[in-house]
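Participant: Input: one structure, supplied below.
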Amino acid sequence: MSSESASIPSAADANSSGSVVAPTVISQQPASSSSSLGSSCSPRQLNNGPGDLPSELMCRPLGVVVLTGLDATYNAVHRAIWDSFSANRRPDRVPLYFKALPADHEYPKCRSKQRTSYEWYIPKGIIKGSWMKKHLQEVPALVVVFFDLDWDEPMWEERQMECATRVEVVRTSLHGRGTRVAVVLIQKNAPLPPGEDGKTAERPAALCAACELSAKSLFVLPCVDHLLGYTIRLENAFYELTQGYYYTEARRVKAHREFLNRTTHQLLFVRHAFKFAFFSELKQDTHGALKQYKVAYTHLTELRAHDTNMLEIKTIAGFINYKVCRLCFFHNTPLDAISQFRKHVDLFKNKVGCAELAFEHSAWMSKQFSIFGELFEEAIKLGLTAIQTQHPGFYYQVAANHAIARKQLCRGLCHAATAMPSSNPLEDSENLEFYGQRPWRQGHQSIDPPDPQMEKEGILALQFLESQVDHSWIIIPLLSSAVAQFKKYKSARMKRSLMVQMGEEYYHAKDYSKALTLLGRVTWDYRLERWWPLLTSILGTSLRCAYLVASIEEYVTICLEILGRFSQSIPEERTRVQMNLIRVLSNNPPEPEHGCASDAVEQARQLWKTKCNPQNTPTVFKVEMRNLVPFVECKARFSSLKCTADELITLEVCLRSSCQFPIQFSKLTLQLSNPAYNAQCVVTDGRPLSSPEGVPAIAAPEAQGDLYLMPGQVKMHQFQFAVLPEDVGRKLEISSVCLSLGDEVNARCAVLYWQGGGADAASLMNIQEVVTLTRGQPSPDRLVWDRISIQQSISILPRPAHISIKLEHQPPCLVNEYYCIKLTVTNNEEEPITQPTMSIGLQEGQDGGLEKTTGVSLDPESFLKGSCPSRLKNIPLGTMKQSNKVEKVVYIHCTQLGSRVISVRVVYNVEVKISSNSSLPPVSCTCYEEQSVSMHTILPFNVSIHLSSLKFEAIDHVSGGTPFLLMTDIKCTSPWPIMISNTTLQLSGDVRPTDTIESQVSDVCLKNEEHASECVCVQAAGHAETGLINLGSCVLEWKRNSQDESLPFVKTTLPLPEVSIQPLPLSIETEIPAFGVVRSPLLVKFTITNDTSIVQTIEGSIQASEAFMYSGHKQIFFRILPSSSQSLSYNLHPLMSGYVQLPELQLNIPHAPSMTKPVVAAMLPSHIYIKPQGKKVIST
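Numbering (this note's numbering), first residue to last: 68 to 1247.
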């Protein structure tokens, strides 16, 4: 961005002055490379050992830009400008490193005369120790001079001269280097558009000429808003200038290769390739840098290596390998990085160098693997995908193995180096001119050392320094990183193996508590997979740690397992451990463990002495056996899977010891699911822990027992107790078994705790633990441990009831009837039974809807008073002596079809003697007897109700005022005869009977498939609108014909059908005799009623008939007032007999179109029965 381009405004206003105060150096340090492969890094605190990388190598190289002329301390505008360049730099901004320095800052001096020939030049080393730091932080690619100057400055000439002077000062301080110089003018006002101000066109060219700058190196920064955006534009311009500088430097280095020869300048080939690659990185050409680093590595492998330069070659090889692998990961080519690292390791793994310093080679190899693991891990964090067989954990693991080898070599090589030599050959180790060289012979490249004595002293000094290193704290972080990786990629066995190594390193580092904790985390897995040799080795290390920290509980727990049946310890070791266990539980210090450091043993003795003070309170602690494989095994079992309430429960506990010699336990207790039994399951042996068998017990006589276990022999303890009433119908389980080892009153006691029936870690994991390993039947006096199974629960069943329940009833049950069931309970016990109660009703577990439709009662009258429950409970039966019977009658009322199960349960108490032990007092047992019956419910009858006209024709609607027939048909579907007491029609207000209603089927007994019918004539009230009317209901009173007369009748209410009513304006009533006689007069009268609110005009006529002669109006016109009637009378003279058709009355009603001919015909009789005349008998 030159002066001709758009100006860059500032974010704050300030008054610029002619003088500039030199600010304190404000620089932005690069960030650590461990955070991102693409970010810069800060110096890391690393060891100065072989293979360590300098911080400047691990940084991402950034172009150095020095900002001068900014007074960030006293000038707010300058401070804002500096902050916009240095603060909160996001990854998307150009990769530059900004420093604020005064204008007269002295930069590193450049060589006064560039070398044009290497003919007589002998290199002293490969890469100078200060070269990378110099180009990363000290030598800038660009120096930017900030100057407060406006285009309309009144004193332009003077200010221009001052600016040129500052630029000249900067150039002088650079000492002829090719560093680019640029000028940024800080202006108060925003610039005018090009062409409007003549000064803007003239003065920039004059300023460039005065400062000897090109137009592209002059920039303007106005002090207006949007400072950050314009700063970013400035950065882009600066970036282009730095690119040019580093490109020039790289070409200059490359040009030197023309003067080199392969005979004496092999080191320079490596150096120049490395420099070329480094400058390529500075100008952000990572692909070019990678190519040149590979060239440098190839040249390095061609060097002749010997003891004097081996360290330097391996050091530079590590540098270049790091750069190559890092750039391969950055380019997302991990396979190339892995291939390069493998080639690197294969090439140098056997180049040990000086044999007296072999530990340095192991340290260098460890560092190579750990650094590559870190690069691999960072690449994964940035999105690279690893697999279970190729991830950083393997590299951390190998690094740890090399570190372990370093420690072993140190022990073998450095034992003679007890002090630093007086000459101190390592005095200049912090100021080496070249990387990887020895301090006492810097710059020496010959095969033989210049001073053999000094060489010996230098080797001795390095050995002394190595002997002062605590290698465990180098190994432990590497193992920790490897464990984290193997855990991440789900490699459980590798993780456990490394955790064991970590525990051992913590032990060597004398951090015994951490070692004990770490080893304890993996022992369960080794038990699970039954790696007994590995477990034994881990337990040995854990035991030493527990002794050295004086952890009593851990020490006892580990001793229990070392003495276990799968321990691989030798007999002498098992004996020693058992003796120590007895000492600890007797409140005495144990003997020191083998292999412990003498100083640690002395400290441990003091700790044990404090904890074993006789004045201390006795300690009781619990040891969970489920997670161990202890030396004592326990199996608890009930003698059977179930027992009844009148039997004794037998509980057996079998114990077996696998320790080296007999051992004495003090107490055996069992905890059951019901704590009330616990007091009966205790065995106490009061003999001392170390007493031989046969010493009299000192416990109370009622609690004495033998808990002295011989190795390999099974000892069984048996407990018997009666069942408590509250446990009947439940399961009784063994909650835990506790075996006390030690004196809990006077000394120290370990309570061995087995959960459940006594299985430990080994028996829980392997079926072989419960499989019989012997053949044939054992001898009667010998218990075979493998044939003893754990049975930790027993079902306690009620005592079988000795009563009988008889049910008498007549299925099936009819809906709504009072179904009678007669029950007879007979006592078959040898003793009287007390508190017998009976429960009857629906069996539990059936459909919930049955409970609402089923009622049970002892009195049928209670059904008439309200709803009854579906089950009657606790009906007292009274005390029953032997062979007594009790009878009960129960009524069941079912209101819904379907099947249901009715159960009868009788509960009683009886005093019985325990069969297996007559000396015990009788116990009260609660007995249960239950009987159920499946009951099917059916309908007693089917009732069909239909409507007919007076002509007995089926109708689907009625008319107001017109009578019709309500016909009821009852069909018996019960297999038992049914007595119908009465039927009642409960008509609604919309209909009324035409005559008195009496039941036509009262006191009728119907058998299966028989029918009973009745017919009632009713009439619907007049309705003004069409609609449905409810006719009411029909009530049937019935019961079984065979039931007791005292039982009430069942009332079943049946709804009558709804019928559609159609209102008619007229109604017609016909008065006619039931029959007529031939040639006898017959009077017929028609009464027509007007049901409307208007006057109806009617034309009436009667049609002739062959069966009748008639007299009356053949055709008539008349009117009927509202709610009035008109009668038409006719005398008919029958001419023939039989069921003959009547003369048809036809009505024409203009104002009632609904009164059509079919409607009128339906309201009139159409036929009548005519009898012939009887013959007269003439007597003679």
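From the three backbone atoms N, C-alpha and C, an ideal C-beta is built for every residue, glycine too.
Along the chain, where does the alpha helix (DSSP H) that runs through V1248 open and close?
Facilitator: Lying before the first or after the last residue shown, residue 1248 is absent from the chain, which here runs from 68 to 1247.
Participant: What first and last residue would you give for the alpha helix (DSSP H) that runs through C721?
Facilitator: Element bounds for C721: not the alpha helix (DSSP H) but the beta strand (DSSP E), 715-724.
Participant: Out of curiosity, what's the CA-to-CA distance linking P792 and D592?
Facilitator: Rounded to whole angstroms, P792 to D592 spans 45 Å at the Cα level.
Participant: Rounded to the nearest angstrom, what separates L840 and S604 at their Cα positions?
Facilitator: Residue confidence is low: L840 scores 45 on pLDDT, short of 50, so the model does not pin down where it sits. Its coordinate-derived value is still stated next. So the two alpha carbons sit approximately 28 Å from each other.
Participant: Please report the distance separating the alpha-carbon of L402 from that of G460.
Facilitator: Roughly 17 Å between the two C-alpha positions.
Participant: Please tell me whether S802 and Q738 are closer than 7 Å, where the distance is taken between their beta carbons.
Facilitator: For S802 and Q738, yes; Cβs fall inside 7 Å.
Participant: Compare the C-alpha of A486 against each of V804, E524, Y958 and name the closest.
Facilitator: Comparing Cα-Cα distances from A486 to each of V804, E524, Y958, the minimum goes to E524.
Participant: Which value, in whole angstroms, describes the spacing of the CA atoms of R409 and Y364?
Facilitator: Distance between the alpha carbons of R409 and Y364: 14 Å.
Participant: Drop a sphere of 10 angstroms on the beta-carbon of F930, count the other beta-carbons inside from all chains shown, and report buried for 16 or more, exposed for fewer.
Facilitator: Burial call: buried.
Participant: So within the segment 1149-1191, which uninterrupted alpha helix (DSSP H) runs reach at least 4 residues, ignoring any that extend past its ends?
Facilitator: Whole alpha helix (DSSP H) segments, 4+ residues: zero.
Participant: Counting beta carbon pairs with one atom in the segment 226-236 and one in the segment 272-290, are three or more of them shorter than 8 Å?
Facilitator: Segments in contact, yes.
Participant: Could you give the residue range of the alpha helix (DSSP H) that holds S547?
Facilitator: Start and end: 539-555.
Participant: What does the alpha-carbon distance come out to for the pair A167 and M228?
Facilitator: If you take the alpha carbons of A167 and M228, they lie about 23 Å apart.
Participant: Is G355 helix, strand or coil by DSSP?
Facilitator: Helix.
Participant: Excluding the 5 residues flanking G570 on each side, which residues of the same chain have their C-beta closer than 6 Å to its C-beta?
Facilitator: The answer, listed in chain order, is A582, L585, L586.
Participant: For V248, which option in K1152, L209, P1217 has the closest C-alpha, if you only look at C-alpha atoms?
Facilitator: Considering only alpha carbons, the answer is L209.
Participant: Looking only at its own chain, which residues have a Cβ that is under 8 Å from the Cβ of A170, when we skip the five neighbours before and after it?
Facilitator: The answer, listed in chain order, is V87, A89, T135, G136, V212, R233, V236, V237, S240.
Participant: From V804, A814, R815, pick the residue whose C-alpha is nearest to that of D827; which is it?
Facilitator: Selected option, being the one with the closest Cα: V804.
Participant: Any contact between the segment 1158-1168 and the segment 1109-1122? By contact I mean 3 or more CB pairs, one from each, below 8 Å.
Facilitator: Because the criterion of three Cβ pairs below 8 Å is not met, the segment 1158-1168 and the segment 1109-1122 do not touch.
Participant: Report the three-state DSSP secondary structure of Q738 (helix, strand or coil).
Facilitator: Note: Q738 maps to strand in three-state DSSP.
Participant: What are the start and end residues of the alpha helix (DSSP H) that includes L378?
Facilitator: That run of the alpha helix (DSSP H) goes 377-397.
Participant: Spell out the partners DSSP gives C177 in its beta bridges.
Facilitator: In the DSSP output, where bridge partners are listed per residue, C177 has none listed.
Participant: Using C-beta distances below 7 Å, list every residue in its chain close to A430, excluding the 5 sequence neighbours before and after it, in chain order.
Facilitator: Contacts found: G116, P117, G118, R473.
Participant: Among the residues of its own chain, which have a CB less than 7 Å from the CB of Q310, if the five just before and after it don't count?
Facilitator: Excluding residues within five positions, the ones whose Cβ falls inside 7 Å are K350.
Participant: With a Cβ-Cβ cutoff of 7 Å, do S1100 and L1123 count as a contact?
Facilitator: Yes; because the gap between Cβ atoms is below 7 Å, this pair is in contact.
Participant: By the three-class DSSP mapping on this structure, what secondary structure does C1101 have?
Facilitator: Of the three classes helix, strand and coil, the one that applies to C1101 here is strand, per DSSP.
Participant: Would the segment 384-391 and the segment 514-524 be scored as touching if the rule is three or more Cβ pairs under 8 Å?
Facilitator: Touching, no, given that fewer than three Cβ pairs across the two stretches are closer than 8 Å.
Participant: How would you call F1142, buried or exposed, if buried means at least 16 neighbouring beta carbons within 10 angstroms?
Facilitator: So F1142 ends up on the exposed side.
Participant: Going straight from the alpha carbon of G607 to that of A703, what length do you get?
Facilitator: Their Cα atoms are separated by approximately 31 Å.
Participant: Cα separation between T624 and D853?
Facilitator: Computed Cα separation, rounded: 25 Å.
Participant: Q520 and A484: beta carbons closer than 7 Å?
Facilitator: Going by C-beta atoms, Q520 is not nearer than 7 Å to A484.
Participant: I'd like the span of the alpha helix (DSSP H) that includes H339, first residue to last.
Facilitator: 333-349 is the extent of the alpha helix (DSSP H) around H339.
Participant: Which of helix, strand or coil does DSSP assign to Y188?
Facilitator: DSSP places Y188 in coil when its eight states are reduced to three.
Participant: Considering only DSSP beta bridges, list what C1039 is partnered with.
Facilitator: Paired residue(s): F1008.
Participant: Should F728 go down as buried or exposed, given a rule of 16 or more other Cβ atoms within 10 Å for buried?
Facilitator: Classification for F728: exposed.
Participant: Around the C-beta of K873, are 16 or more other C-beta atoms found within 10 angstroms, so that it is buried, or is it exposed?
Facilitator: Label assigned to K873: exposed.
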